[in-house]
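Q: Mapping to the numbering used here: the sequence shown position 58 is 343, numbers consecutive.
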Amino acid sequence: MKKLNLSENLVNQIVEKILQEIEPEKIVLFGSQVRNDNTKSSDIDIALFGVREDKIFPLKNKLNEELDTLKDIDLVLFDT
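#1: Using only the alpha-carbon positions, how far apart do Gly316 and Lys340 sit?
#2: Beta-carbon separation of Ile312 and Leu344 under 8 Å?
#3: Please say whether Phe363 and Phe342 have beta carbons closer to each other than 8 Å?
#4: Whole-angstrom Cβ separation of Gln318 and Asn297, contact assumed at under 8 Å?
#5: Tell me, to the nearest whole angstrom, how far the beta carbon of Asp359 is from that of Asp328; I am working on the premise that it is less than 8 Å.
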């Protein structure tokens with residue numbers, strides 16, 4: 286498994302918060318944080334599968350307000 290630039294603790298916190306609010310079929314971390322080519326301004330990209338579109342924006346706001354990541358969390362909806 287590839288080492289992430291994000292701490293395992295932070296990834297677990299993000300996943301726990303998501304699961305408290307919605308029940309996605311799958312959660313996938315992707316983007317520069319996974320490729321290890323992130324910069325100071327890189328966000329945290331998370332794909333959610335099997336979620337209604339109207340749940341994404343409120344959840345994104347909640348994650349960014351409640352988690353002390355110092356980076357923006359970007360949620361992307363993927364249909365299965």
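Beta carbons are placed, not taken as given, at the ideal position from N, Cα and C, and that holds for glycine.
A: For this structure:
#1: About 22 Å.
#2: In this structure, Leu344 does not lie closer than 8 Å to Ile312 by Cβ.
#3: No, these two residues do not count as a Cβ contact at 8 Å.
#4: About 14 Å separates the CB atoms of Gln318 and Asn297; that is not less than 8 Å, and the two are not in contact.
#5: Approximately 5 Å separates the beta-carbon atoms of Asp359 and Asp328; this is inside 8 Å, confirming the contact.
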